[in-house]
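**Student:** Below: one structure in structure tokens.
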Amino acid sequence: MAAQNIYDDPDFLAGYATLNRQVHGLDGAAEWPELKKLLPDLAGKRVADLGCGFGWFSRWAEQQGAASVLGVDVSTKMLERAEAETDSATVSYRCIDLDVLELDADAYDVVFSSLTLHYLLDLDRLMATMAQAVTPGGSLVFSVEHPIFSAPTSQQFETSDDGNRIWPLDNYLVEGKRVTNWFVDGVVKQHRTVATYVNAVIDAGFILDRIVEFGSPASAVGENPEQRDDWHRPWFLLLGATRASD
Ligand SMILES: C[S@@+](CC[C@H](N)C(=O)[O-])C[C@H]1O[C@@H](n2cnc3c(N)ncnc32)[C@H](O)[C@@H]1O
Numbered sequence: 652m653a654a655q656n657i658y659d660d661p662d663f664l665a666g667y668a669t670l671n672r673q674v675h676g677l678d679g680a681a682e683w684p685e686l687k688k689l690l691p692d693l694a695g696k697r698v699a700d701l702g703c704g705f706g707w708f709s710r711w712a713e714q715q716g717a718a719s720v721l722g723v724d725v726s727t728k729m730l731e732r733a734e735a736e737t738d739s740a741t742v743s744y745r746c747i748d749l750d751v752l753e754l755d756a757d758a759y760d761v762v763f764s765s766l767t768l769h770y771l772l773d774l775d776r777l778m779a780t781m782a783q784a785v786t787p788g789g790s791l792v793f794s795v796e797h798p799i800f801s802a803p804t805s806q807q808f809e810t811s812d813d814g815n816r817i818w819p820l821d822n823y824l825v826e827g828k829r830v831t832n833w834f835v836d837g838v839v840k841q842h843r844t845v846a847t848y849v850n851a852v853i854d855a856g857f858i859l860d861r862i863v864e865f866g867s868p869a870s871a872v873g874e875n876p877e878q879r880d881d882w883h884r885p886w887f888l889l890l891g892a893t894r895a896s897d
């Protein structure tokens, strides 16, 4: 089955491009300070950015002194902007569905993916692809929508009669397709449990270093009271792992 590729839908893209993280880049992404802590020093490293979108991370990796950066995405429209905003021979982009991506063995020191793996149909296949592509001792760092965020049939907070905010968690253990309305109707994502993500990483041959259940910190909530909702359910799951030596 082919990827939905919703990012090539003009109405979806027009809305998505207005997000803080797409206007201001990594500095506009609330989880970036935590995600950055999971990364090794990128100087001299061969980096892959899977689901690179507009290429914010790919360009940042180049600025950190990466030897090479490959950004991969299924959306030609995301890649058009990534190409337009990248002025470096160190960074190259490739348009392909991550569900069928092949990568050369031991060709990367760091594989990174931000907020993309929850779109994939076959996580285990990509994990195996990434594991053989990362050199022993190399790093895998990724973020996804937190499974408590992605599980419910209705991904909208409710407010109880006494004013408490309620996240309507259901179907947590029922993995698979979720259809949400986000800028447009019918955006398809794939829900997986925390255990499925963690075990996929371990089974592929990585050593788990750290996971972070990210929600907006109190400092951010001061400026944006609606982010207090994150204290009831985490927003993103962040994970850092190291490829085991053979
Ligand atoms: C939420 S955006 C994140 C973009 C970027 N990583 C960032 O953090 O700004 C998800 C990206 O994943 C891409 N994507 C979704 N499904 C994909 C697939 N099956 N193969 C490759 N890219 C995919 C989308 O086109 C989009 O650019």
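Here the working numbering = 1-based position in the sequence shown + 651. For every residue, glycine included, the Cβ atom is placed at its ideal position computed from N, Cα and C.
Which same chain residues end up closer than 8 Å to threonine 810 when comparing Cβ atoms and leaving out the 5 residues on each side of it in sequence?
**Tutor:** Within the sequence shown, residue 810 is the residue found at index 159, counting from 1. Around threonine 810: Arg816 and Ile817.
**Student:** Three or more C-beta pairs under 8 Å: does that hold for the stretch 834-848 against the stretch 653-670?
**Tutor:** Contact holds: three or more Cβ-Cβ distances are below 8 Å.
**Student:** Would you list the residues whose beta-carbon is nearer than 5 Å to any heavy atom of ligand 1, in the order they occur in the chain?
**Tutor:** Ala654, Tyr658, Gly702, Gly704, Asp724, Val725, Ser726, Met729, Asp748, Leu749, Ser765, Leu766, Thr767 and Tyr770
**Student:** How far does the alpha helix (DSSP H) with threonine 767 in it reach, from first residue to last?
**Tutor:** As a position in the sequence shown, residue 767 is number 116, starting the count at 1. Unbroken run through threonine 767: none, as it is neither H nor E.
**Student:** Where does arginine 776 sit, in a helix, a strand or coil, going by DSSP?
**Tutor:** Counting from 1 along the sequence shown, the entry for residue 776 is found at position 125. DSSP, reduced to helix, strand and coil, places arginine 776 within a helical segment of the structure shown.
**Student:** Rounded to the nearest angstrom, what separates serine 709 and serine 719 at their Cα positions?
**Tutor:** Position 58 of the sequence shown holds residue 709. Position 68 of the sequence shown holds residue 719. If you take the alpha carbons of serine 709 and serine 719, they lie about 9 Å apart.
**Student:** Would you mind stating whether leucine 689 and leucine 889 have Cβ atoms separated by less than 8 Å?
**Tutor:** Position 38 of the sequence shown, counted from the start, is the residue given in the question as residue 689. Position 238 of the sequence shown, counted from the start, is the residue given in the question as residue 889. It is a contact, given that the beta carbons lie within the stated cut-off.
**Student:** Using CA atoms only, rank isn't needed, just tell me which of Trp882, Glu864 and Val863 is closest to valine 872.
**Tutor:** Position 221 of the sequence shown, counted from the start, is the residue given in the question as residue 872. Nearest of Trp882, Glu864 and Val863 to valine 872, Cα basis: Trp882.
**Student:** Counting only runs that start and end within the stretch 663-740, where is the beta strand (DSSP E) found for 3 or more residues in a row?
**Tutor:** 697-701 and 719-724
**Student:** Using the Cα positions of lysine 828 and glutamine 841, report the straight-line distance between them to the nearest angstrom.
**Tutor:** Numbered from 1 along the sequence shown, position 177 holds the residue referred to as residue 828. Numbered from 1 along the sequence shown, position 190 holds the residue referred to as residue 841. Lysine 828 and glutamine 841: Cα-Cα distance of roughly 5 Å.
**Student:** Following the continuous beta strand (DSSP E) through asparagine 850, name the residue where it begins and the one where it ends.
**Tutor:** Within the sequence shown, numbered from 1, the residue matching residue 850 stands at position 199. That residue, asparagine 850, is in no beta strand (DSSP E); its alpha helix (DSSP H) goes 845-854.
**Student:** With a threshold of 6 Å on Cβ separation, who are the neighbours of arginine 697 within its own chain once the five nearest residues in sequence on each side are excluded?
**Tutor:** Counting from 1 along the sequence shown, the entry for residue 697 is found at position 46. So the list reads Ala718, Ser719, Tyr759 and Asp760, once near-sequence residues are dropped.
**Student:** Considering only their Cβ atoms, is the gap separating phenylalanine 808 from tryptophan 886 smaller than 8 Å?
**Tutor:** Residue numbering aside, residue 886 sits at position 235 when the sequence shown is read from its first letter. Residue numbering aside, residue 808 sits at position 157 when the sequence shown is read from its first letter. No, these two residues do not count as a Cβ contact at 8 Å.
**Student:** What do you get for threonine 737, buried or exposed, if any count of 16 or more other CB atoms within 10 angstroms of its CB means buried?
**Tutor:** Position 86 of the sequence shown, counting from 1, holds the residue named residue 737. Buried, by the Cβ-count rule.
**Student:** Just grab the DSSP bridge partners of glutamine 902 for me.
**Tutor:** Residue 902 is absent from the model: the chain starts at 652 and stops at 897.
**Student:** Contact between the stretch 855-872 and the stretch 782-796: three or more CB pairs below 8 Å?
**Tutor:** yes
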